[in-house]
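>
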Amino acid sequence: MRKTITWVLVADGKRARVYKNEGPGKGLTPALDREYIAVLEPTRKMVSDRQGRAFDSHGVGRHAMEPHTDPQRYEKLRFARQVAEELESYKQKGAFDRLVIAAAPKTLGDLRGELSPAVQAAVLGAVAKDLTKVPMAELADHFHDVFPA
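Heads up: the sequence shown runs through residues 994 to 1142, numbered per this note's numbering.
#1: Mind checking which residues open and close the beta strand (DSSP E) that includes Gly1118?
#2: Tell whether a beta-carbon distance below 7 Å holds between Ser1109 and Glu1081.
#3: In the DSSP assignment, find the alpha helix (DSSP H) that holds Ala1009 and state where it starts and stops.
#4: To the nearest angstrom, how far is it from the Cα of Val1032 to the Cα of Asp1063?
#5: Exposed or buried, what is Glu1107 when buried is set at 16 or more other beta-carbons lying within 10 Å of its beta-carbon?
#6: By the 10 Å Cβ neighbour count, where 16 or more other Cβ atoms means buried, how is Asp999 classified, buried or exposed?
#7: Compare the Cα-Cα distances from Pro1023 to each of Tyr1029, Pro1017, Leu1104, Val1011 and report the closest residue.
#8: Could you give the distance in angstroms between the alpha-carbon of Thr997 and the alpha-carbon of Pro1017?
#9: Cα-Cα, which of Lys1084, Leu1124, Gln1085 is closest to Arg1008?
#10: Take Pro1141 as the anchor and find which of Ile1030, Arg1027, Gly1020, Leu1025 has the nearest alpha-carbon.
#11: Which one or two residues does DSSP pair with Arg1091 in a beta bridge?
What follows is the structure in structure tokens.
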């Protein structure tokens, strides 16, 4: 009988790591030999120095225009999309059976919105916490409510 492989995605808006669990009491080990890292430039480097200007529809007044999208937020959404696409690729290859996501609340929402139906169906549970700075040896302790690591 094939053992059930559970992947644990630990992410925030700038970086993500994937760990693997191969059964109760086995703990977590790195599933991939890489860490996903978003390159987030400071906002001042992402937008022009001056805001755009617009005329009022009545009269001669002018006012500054705010950007429609926060550049930092846009990059974090793009990062979530990239991670979701990678998970889809690995799911199609049969690399994991179940997925647990631990991410900062906003990142968790971004990831859920980008996951394909196949990956969403594999999601066993989620932890709305930023655990990216937790050492690997201590990570399993945060998932007892979701699955026995």
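We put the CB at the ideal spot given by N, CA and C, even for glycine.
In this structure, then:
#1: 1116 to 1120
#2: yes
#3: Ala1009 -> not in any alpha helix (DSSP H); beta strand (DSSP E) instead, spanning 1008 to 1014.
#4: 15 Å
#5: buried
#6: The question names Asp, yet the displayed sequence has Thr at residue 999. Under this definition Thr999 is a buried residue.
#7: Out of Tyr1029, Pro1017, Leu1104, Val1011, Val1011 has the C-alpha closest to the C-alpha of Pro1023.
#8: 10 Å
#9: Leu1124
#10: Gly1020
#11: The secondary-structure analysis by DSSP pairs Arg1091 across a beta bridge with Thr999.
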